[in-house]
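Our numbering puts the sequence shown at residues 1 to 325.
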Amino acid sequence: SSGINAEYGGYNSETAIEIEELQEEDVDALEEQYPLEAKDGGGQTVTLPANEVQYDNKKVLAYKPRIPVPKECICNIEAAFTLHTETDQSKYMRNKVYLISQGYLWRYRVSKLYSTTTHNKKEAGYPKRLAEEFPKALGNVDAALHTGYGGMVYIIMSATTTKPVTVLKYSYYASYDAFVFLSNMTLNETFGIPDNEVITSAFNHKVSKCSSNKRSCVSATLIAGPNTRYEVEFAKKGTVLKKKTVKKTDGANVIGEVFPNTQFRAAFELDDGQVAQFDSSKVMRIREHYPAVYKESRADYEVSDWFDIDGWCNEIQIKEQCEAS
């Protein structure tokens, strides 16, 4: 009702997501994303009175909390990755792409990104809170990566004033369309990369079938700036890291051109040796990546031309909130 909305932050009941009870994970997520002191119903989260009522044969709180979809407008993508759902790379169009920003994520079918009739349509049920699909993923994200079909998903969480950069590792179960949390480690423990390094994006530059458990079948690039990248190799269908992390200082060779620090803020691999990389604002660039003879044809797009993103900023908001920062 309007009275409840006014009392608890002024959420619009028509656009808010209604849930029956506030789980412990919800509290953790809210405290992580809204750490400020409470003002006019926003900010700090508090425990609601345990005033129980019967609802659908179970006891719930009399007040139904409402968690909104992104409230502030979004003008950049923090992280992205391709979820490889097919063993055969010729069926690339059946894979999915995830975009992550401000604690939320969107999912798209690759085939729909290329389609002229269903262009940029997100899958039903999205956006979701990041922690809803990836347990324990609370806060901002530096980069994300899926190491091929049957492989692992790595979410690199940003450092905070109290926590260093952490890498969350997940396994994807296609039959349930769900991610299971496996571990929480440092950059050095996970990839052999110094813990003080800042990874801005990641993508696979090689994905092939594994003919044996010893053979490297997935190779990934982790970008740490215009002049620094790390090459990481995986074996056993992308589930095991081969201790062969190589640091390169010729970051421009990733796409055959020099790129500024505002680019490669997020990335995901496309088919045919291409990578889609996002800048710190509204642009997505598609380039051919190494190892290859770089093509002359290169395309730049507005993010909103390719992706249907709830709450994407308009031109004025982008200039004020992203390009000015």
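For each residue, glycine too, the CB sits at the ideal point set by N, CA and C.
- Look at the stretch 185–210 and you find these whole runs of alpha helix (DSSP H), each 4 residues long or longer: 187–191.
- Only residues of its own chain outside the window of five on either side were considered, and among them Tyr98, Ala144, Leu145, His146 and Phe268 have a CB closer than 6 Å to the CB of Phe81, listed in chain order.
- Around the CB of Ser175, fewer than 16 other CB atoms lie within 10 Å, so the residue is classed as exposed.
- The Cβ atoms of Arg285 and Val254 lie no closer than 7 Å to each other.
- The stretch 183–198 makes contact with the stretch 236–247, as at least three CB pairs between them are under 8 Å.
- Assignment of Ile316 by DSSP, reduced to helix, strand and coil, places it in the helix class.
- In the DSSP assignment, no residue is bridged to Tyr290.
- According to the DSSP assignment, Ala137 belongs to no beta strand (DSSP E), since it is labelled neither H nor E.
- Per DSSP, reduced to three states, the secondary structure at Leu270 is coil, with no helix or strand assignment.
- C-alpha of Arg298 to C-alpha of Leu113: approximately 17 Å in a straight line.
- DSSP places Lys112 in the helix class (H, G or I) of the three-state scheme.
- When secondary structure is reduced to three states using DSSP, Gln277 falls in the strand class.
- Annotation: Ser219 to Arg129 spans about 29 Å, alpha carbon to alpha carbon.
- For Val153, the enclosing beta strand (DSSP E) begins and ends at Met152 to Met157.
- In the three-state scheme derived from DSSP, where H, G and I count as helix and E and B as strand, Asp305 is classed as helix.
- Within the same chain, and ignoring the five residues on either side of Gly273 in sequence, the residues whose Cβ sits closer than 7 Å to its Cβ are Glu288, His289 and Ala292.
- With a contact defined as Cβ atoms closer than 8 Å, Trp106 and Ile309 qualify at about 6 Å.
- When C-alpha distances from Val180 are compared across Glu132, Met157, Ile199 and Thr160, the shortest belongs to Glu132.
- Comparing alpha carbon positions, the residue from Val232, Phe259, Asp142 and Arg109 closest to His205 is Val232.
- According to the DSSP secondary-structure assignment, Lys247 is paired through a beta bridge with Tyr230.
- Here Ala224 is buried, its C-beta having at least 16 other C-beta atoms within 10 Å.
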